[in-house]
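With UniProt numbering as the guide, the letters of the sequence shown map in order to residues 1 to 45.
The C-beta atom is built at its ideal place from N, Cα and C for all residues, glycine as well.
Before any comments, here is the structure.
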Amino acid sequence: MAESIAVPGDAEVWRSAGEPARTQVRESFSLDGVARTWTELLVSG
């Protein structure tokens, strides 16, 4: 069971590895917001 406990160094590695994924999620959310805005404009127009 001791192997599953992450040491601080591992946490830093995982944090840096997860950064691109978080950036991608953030960008896809902003793209969704843009798409939603355009859809509302087209529907209301």
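In the three-state scheme derived from DSSP, where H, G and I count as helix and E and B as strand, Gly45 is classed as coil. Put simply, the backbone Cα of Ser28 is about 28 Å away from that of Asp10. If the five residues before and after Val13 are omitted, its C-beta is found closer than 8 Å to no C-beta atom of its own chain.
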